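First comes the structure, then the notes that go with it.
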Amino acid sequence: MTDSRTDPWGDLNLHEALDRATDAIEPPGLAAAALTEAHRRRVRTRGAASALGAVAAVAALIVSLQAVSGDPRTQERPAEPASSGAADAVQAQVAPAIPRDRVQPIWDPRGAEGLPVVELGVPRVLPVTAAGPVTRAVALLDGEEGTLLVGTDGLQTSLDLPDGLGEQRTVVLSPDGQRVAAVGASGLFWRAVDGGSWQRIEVPGVSLEASLSWAPDSESLVLVDHRTGVRVGLGTGEQEPLPFLRGHAAYALAPDGAVVHGTDTREIVERRDGEVVRRTASGPLEGLVRPAVGGSAIAFARANLVVEESTRASDRDGLVVVDRDDFDTRAYLPVPDDHDYYVHADELRPVTWLDDETLLFTVLPQGAPKEYLVAWDVETGTLSRIACWPLGYAASFATDLLGP
């Protein structure tokens, strides 16, 4: 790993991040055009709304120029965020800036191929060559050449999708590996991995090109678009409005049932049973997107918003892990910040927590032909490679099944 890391306080030539982020603020229909040509195929299979959500979140947060520890601007306390409704009853705490001693050595994802390999129940190279029936899947690959399910036994089969989903579809595997959901131009669908037909669900008021994710219990789905959000129960048919997720808010569903989401006033809000239980003004941590919530910590992809020249490693994109209660930084893993590639273009994404100290994330190294699933021990800084797959596929994993 030493060949892909450098001194965290070394020289850094930052680009005009503010100009680029401002240029990226476009109407939803033009979101794909804001990304480079190299990313467009991934946008089509990953879901246009999903990519738009990351772009919109970073663009909205670009106004936050709170610097990390060592910048004189951190002496200015952020203005109290505006709020309304039930959230007013919960006083917002202010996230501390990232301490210097929590910044780990800069890691260049272009060294991912050379990382030590850890076995977590998913083939190291996807797709696999062994064909056969799949009754429970550990991975799903969706691309222009088709959709593939990879079983827990290492066998692989193709999956026929519902007609008419279109290029902007999103197809995701449930955490328990037993169900698949898909959304696109022809609607929202789900089916069991081990057989049966696709079931269509009518969801009024939500775009059929919305972002799509599974709840941790694999019993419900969440759709989010620019107008609203909704949770859909597969067993009950109940549809719960989640209006606080409108505008493609960054969000995650916690294993304990809480919803953690961002707001356009630079807050991270935690809700339980519809009630706000915690509000955190996140300005000092800069642009936080793609949360992954664990029992005691939250991981984010963090966009650097400092636009002047800086030699601090903390003035880069990266992954940040904060305490779930007080938002103290546990660890920050910076990556090279060339052209805002990793976070702004949604190529660095927390996935799930393996345990209290190990975060799994995906990364597409700049200029690489394949994407990686990587494990990060946030306490020691150790990085390990789990799996890789070609650039043309969007991958999802049965996170409940990943483990030694």
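Plus 1408 on top of the position in the sequence shown (first one is 1) and you've got the numbering used here.
Where is the CB? At the ideal position from N, CA and C, for every residue including glycine.
Being a predicted model, the structure only gives us computed values, none of them experimental.
Inter-stretch contact at 8 Å, needing at least 3 Cβ pairs: the segment 1797 to 1808 / the segment 1729 to 1740: Counting C-beta pairs with one atom in each stretch, the segment 1797 to 1808 and the segment 1729 to 1740 have fewer than three that are closer than 8 Å, which means they do not touch.
Where A1705 sits in the DSSP three-state scheme: Reading the sequence shown from its first residue, position 297 is the one you call residue 1705. A1705: strand per DSSP, three-state reduction.
Boundaries of the alpha helix (DSSP H) in which V1751 is found, first to last residue: Counted from its first residue, the sequence shown places residue 1751 at position 343. Note, V1751: alpha helix (DSSP H), Y1749 to H1752.
Residue environment, P1612, which counts as buried when at least 16 other CB atoms sit within 10 Å: On the sequence shown, position 204 is the one that residue 1612 refers to. Label assigned to P1612: exposed.
For A1776, three-class secondary structure by DSSP: As a working note, residue 1776 is residue 368 in the sequence shown. In the three-state reduction of the DSSP assignment, A1776 falls in the coil class, being assigned neither a helical nor a strand state.
Cβ pair count under 8 Å reaching 3, the segment 1534 to 1549 against the segment 1512 to 1523: No: the two stretches stay apart, fewer than three of their Cβ pairs being nearer than 8 Å.
Identity of the residues DSSP links to S1792 by a beta bridge: Looking up residue 1792 in the sequence shown gives position 384. Among the bridge pairs identified by DSSP, S1792 is matched with A1783.
With 16 other Cβ atoms within 10 Å as the buried cut-off, status of D1509: What you label residue 1509 is simply residue 101 of the sequence shown in a count that begins at 1. It counts as exposed.
Distance, A1783 Cα to P1812 Cα: Locating residue 1812 in the sequence shown gives position 404, where the first residue counts as 1. Locating residue 1783 in the sequence shown gives position 375, where the first residue counts as 1. As the crow flies, the alpha-carbon of P1812 is around 12 Å from that of A1783.
Stretch pair the segment 1631 to 1642 + the segment 1674 to 1683: three plus CB contacts closer than 8 Å: Short answer: they don't touch.
The segment 1498 to 1514 contacting the segment 1747 to 1765, beta-carbon criterion three pairs below 8 Å: When Cβ pairs closer than 8 Å are counted between the two stretches, the segment 1498 to 1514 is seen not to touch the segment 1747 to 1765, the count staying below three.
Contact set for V1751: own chain, Cβ-Cβ below 6 Å, skip 5 residues either direction: As a position in the sequence shown, residue 1751 is number 343, starting the count at 1. Excluding positions up to five away in sequence, the list reads A1709, A1711 and D1725.
Which of helix, strand or coil DSSP assigns to P1798: As a working note, residue 1798 is residue 390 in the sequence shown. Of the three classes helix, strand and coil, the one that applies to P1798 here is strand, per DSSP.
Nonlocal neighbours in the same chain, by C-beta distance under 8 Å from G1789, ignoring five residues either side: For this step, residue 1789 is matched to residue 381 along the sequence shown. Once the five neighbours on either side are set aside, the close Cβ partners of G1789 are Q1512, P1513, A1739 and L1741.
Given 8 Å, three or more beta-carbon pairs between the segment 1524 to 1534 and the segment 1558 to 1568: Cβ pair count under 8 Å is three or more, so yes.
Candidates C1796, K1778 and D1808: closest to V1525 by CA position: In the sequence shown, counting from the first residue as 1, residue 1525 sits at position 117. When the alpha-carbon of V1525 is set against those of C1796, K1778 and D1808, the nearest one is in C1796.
Under the three-state DSSP convention, the category E1521 falls into: In the sequence shown, the residue the question calls residue 1521 occupies position 113. Three-state result, E1521: helix.
Residue burial classification, R1686 (beta-carbon count within 10 angstroms, cutoff 16): For the purposes of this step, residue 1686 is identified with residue 278 of the sequence shown, where counting begins at 1. That one is buried.
Extent of the continuous beta strand (DSSP E) to which L1563 belongs: Reading the sequence shown from its first residue, position 155 is the one you call residue 1563. Segment: none, L1563 is in no beta strand (DSSP E) and carries neither H nor E.
Classification of T1453 by the beta-carbon crowding that lies within 10 angstroms, buried from 16 upward: As a working mapping, residue 1453 is identified with position 45 in the sequence shown. Only weak support exists for where T1453 lies, its pLDDT of 47 falling under 50; the value from the coordinates is given anyway. Per the 10 Å Cβ criterion, buried.
Rounded C-alpha distance that separates D1808 from I1506: Reading the sequence shown from its first residue, position 400 is the one you call residue 1808. Reading the sequence shown from its first residue, position 98 is the one you call residue 1506. A direct Cα-to-Cα measurement between D1808 and I1506 gives close to 31 Å.
With 16 other Cβ atoms within 10 Å as the buried cut-off, status of A1593: Working through the sequence shown from its first residue, we reach residue 1593 at position 185. So A1593 counts as exposed.
Cross-strand partners of L1767 (DSSP beta bridge): Indexing the sequence shown from 1 puts residue 1767 at position 359. W1761 and W1784.
Distance between beta carbons of L1548 and R1793, contact taken as under 8 Å: For the purposes of this step, residue 1793 is identified with residue 385 of the sequence shown, where counting begins at 1. For the purposes of this step, residue 1548 is identified with residue 140 of the sequence shown, where counting begins at 1. The Cβ separation is near 20 Å, so there is no contact.
Test item: CB-CB of L1573 and A1545 under 8 Å: Counting from one through the sequence shown, the residue named residue 1573 turns up at place 165. Counting from one through the sequence shown, the residue named residue 1545 turns up at place 137. No; because the gap between Cβ atoms is not below 8 Å, this pair is not in contact.
Spatial neighbours of L1616 in its chain, beta-carbon cut-off 8 Å, leaving aside the 5 residues before and after: Here residue 1616 refers to the residue found at position 208 when the sequence shown is read from its first residue. Taken in chain order, the residues that qualify are V1591, G1592, A1593, S1594, G1595 and L1596.
For G1387, the residue or residues it bridges with in DSSP: Summary: the structure shown does not reach residue 1387, with the chain confined to residues 1409 through 1812, and so no result is reported for it.
R1738 (DSSP reduced to helix, strand or coil): As a working mapping, residue 1738 is identified with position 330 in the sequence shown. Judged by DSSP in its simplified three-state form, R1738 adopts strand.
Per-residue DSSP class, three states only, for L1756: Position 348 of the sequence shown, counting from 1, holds the residue named residue 1756. Residue state, collapsed to three classes: strand.
Proximity of P1692 and L1727 at Cβ, strictly below 8 Å: Stepping through the sequence shown from its first residue, residue 1692 is reached at position 284. Stepping through the sequence shown from its first residue, residue 1727 is reached at position 319. No, Cβ-Cβ distance for P1692 and L1727 is not below 8 Å.
Through-space distance from R1680 to G1665, alpha-carbon basis: Against the sequence shown, residue 1665 aligns to sequence position 257. Against the sequence shown, residue 1680 aligns to sequence position 272. In this structure, the CA atom of G1665 is about 7 Å from the CA atom of R1680.
Residues of its chain near P1773, where Cβ-Cβ distance is below 7 Å and the 5 sequence neighbours each way are ignored: Translated into positions along the sequence shown, residue 1773 becomes position 365. Answer for P1773: P1517, R1518 and A1520, listed in chain order.
Cα-Cα separation between V1781 and L1650, rounded to whole angstroms: Here residue 1781 refers to the residue found at position 373 of the sequence shown. Here residue 1650 refers to the residue found at position 242 of the sequence shown. Reading off the sequence, residue 1781 comes out as Leu, not Val. Each residue's alpha carbon lies about 30 Å from the other.
Residues that DSSP places opposite I1609 in a beta bridge: Sequence index remark: in the sequence shown, residue 1609 carries index 201 (1-based). The partner list for I1609 (beta bridge, DSSP) reads L1596.
Close beta carbons around G1585, own chain, < 8 Å, minus the five adjacent residues each side: Here residue 1585 is taken as the residue at index 177 of the sequence shown, counted from 1. Excluding its 5 nearest sequence neighbours in each direction, G1585 has C-beta neighbours in its own chain below 8 Å: R1544, A1545, V1546, T1560, V1601, A1806, D1808 and L1809, listed in chain order.
6 Å Cβ shell around A1657 - same chain, five flanking residues per side excluded: The sequence position of residue 1657 within the sequence shown is 249, counting from 1. Its chain contains H1669 and G1670 as the residues whose beta carbon lies nearer than 6 Å to that of A1657, once the 5 sequence neighbours on both sides are disregarded; these appear in chain order.
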